[in-house]
Amino acid sequence: RAADMKACPIGADSACCKHCFMGPCRLNSKDPYSKVGVCGATIDTIASRNFARMVACGGAAHTDHGMSMLDLFRDVVNGKIKDYQIKDEVKLVNVAKSIDIPVEGREILDIAKDLYAELERTYTQVEGEIPFAKRVPAKTLELWRKYNIVPRGAMREIMEIMHRTHMGVDQDYQNLIHQCSRTALADGWGGSMVATEISDILFGTPTPHVAGVNMGFLKEDQVNIIVHGHEPNLFESMIAACNDPGMLEKAKAAGATGVNLLGMCCSGAEVLGRHGVPHAGNFMSTEVVLATGAVDAMAVDVQCIMQALV
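Residue numbers (our numbering): 1425 to 1734.
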């Protein structure tokens, strides 16, 4: 499909605006200032708005993922979920210390509750600086403050950039790109970092492993199950299920010698580092691995699932 479908030349140059119903407006990237959109938007404004919305969408994906992990962490800490526990207490303490949460002489659960409450500000806060800004190297943070790009809160930055890219709001491409910087930092130092740290605390920090990679680790005599996506809690549950004696007996009763669990894409890379689970391939391999006919099931969650798979 990729070979047969050429990229849209207008979209490739970001010369089309679909942000209101007076359009879509198509400009000419080869003569960029010969005309403007119906509202008067120049190609600079249109291109910066389009880019900003991509930044917002990517930031929203990581922000939502991080919030899901934080919600899981909260329920584990409060005893509402019993199937997961804190596996890396050292990481928990170190993360708490990095954002100035007192840890000396305190119970792990008490530290964990404070950590949840503090990291929740990553999402709910509308002024100030997000918690993990305290980890930014001093000289870097000084520059961020100088240029006013320290994120206030992930939801605040994403909401603001979506508002400012609307027709008739922010027309200044430099100002729009400035907000892109703040939104991108809210992703990296907000949702993404929260997701990474909480995943390590709950499921264990990855370590170097010797592990198998690629489709050659599909096994002809076993039930091959691939887990693909971004949510490590799904994969951790699948590991437990595939090692359940009852499940193994069912596989053997069906004529297989066992269950072969493999990872794919991002959560696959996580469990390769945590458990040494073989990694069948990346995002671009998802259709190819199914085309082998050797995969009995592919479990997916919320991200990087191409519509062609379903």
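Where is the CB? At the ideal position from N, CA and C, for every residue including glycine.
- If you check the CB distance, residue 1695 and residue 1659 come in under 8 Å.
- A residue is called buried once 16 or more other Cβ atoms fall within 10 Å of its Cβ, and residue 1598, having fewer, is exposed.
- The distance from the Cβ of residue 1692 to that of residue 1633 is about 13 Å, inconsistent with a contact at the 8 Å cut-off.
- Burial check for residue 1567: the Cβ neighbour count within 10 Å stays below 16, so the residue is exposed.
- Counting the other Cβ atoms within 10 Å of the Cβ of residue 1547 gives 16 or more, which makes it buried.
- Below 8 Å, enough C-beta pairs join the stretch 1531 to 1550 and the stretch 1495 to 1510 to call them touching: three or more.
- Per DSSP, reduced to three states, the secondary structure at residue 1637 is strand.
- For residue 1610, the enclosing alpha helix (DSSP H) stretches over residues 1597 to 1610.
- Beta bridge pairing from DSSP links residue 1657 with no other residue.
- As the crow flies, the alpha-carbon of residue 1617 is around 31 Å from that of residue 1712.
- The beta carbons of residue 1473 and residue 1631 sit no closer together than 8 Å.
- Using a Cβ-Cβ distance cut-off of 8 Å, the stretch 1481 to 1489 and the stretch 1502 to 1517 are not in contact, since fewer than three pairs of beta carbons, one from each stretch, lie closer than that value.
- Annotation for residue 1728: 1689 and 1707 place their beta carbon closer than 6 Å to its own, counting only its chain and skipping 5 residues before and after.
- The stretch 1593 to 1608 makes no contact with the stretch 1664 to 1673; the number of CB pairs closer than 8 Å stays below 3.
- Per DSSP, residue 1712 is not a residue of any beta strand (DSSP E); the alpha helix (DSSP H) it occupies stretches across 1710 to 1715.
- Closest in C-alpha terms to residue 1444, from the list 1684, 1704, 1463 and 1674, comes 1463.
- Counting only residues of its own chain and dropping the five nearest sequence neighbours on each side, residue 1582 has a CB closer than 8 Å to the CB of 1480, 1483, 1484, 1487, 1607 and 1610.
- When the beta-carbon positions are compared, residue 1533 and residue 1520 stay at least 8 Å from each other.
- The beta carbon of residue 1517 is closer than 7 Å to those of 1527 and 1535 in its chain, skipping five residues each way along the sequence.
- Counting the other CB atoms within 10 Å of its CB gives residue 1715 a total below 16, which places it among the exposed residues.
- The continuous stretches of beta strand (DSSP E) do not include residue 1586, which lies in the alpha helix (DSSP H) extending over residues 1578 to 1588.
- By the criterion of a C-beta distance shorter than 8 Å, residue 1686 is surrounded in its chain by 1641, 1642, 1648, 1649, 1650, 1651, 1692, 1701, 1702, 1703 and 1704, once the five residues flanking it on both sides are discounted.
- When the Cα atoms are used, residue 1477 and residue 1586 turn out to be separated by approximately 7 Å.
- Taking C-beta separations shorter than 6 Å and ignoring five residues to either side along the sequence, the partners of residue 1595 in its chain run 1469, following chain order.
- Comparing alpha-carbon positions, the option among 1675, 1557 and 1657 lying closest to residue 1724 turns out to be 1657.
- Residue 1527: not part of any beta strand (DSSP E); DSSP gives it neither H nor E.
- DSSP places residue 1443 in the coil class of the three-state scheme, outside both helix and strand.
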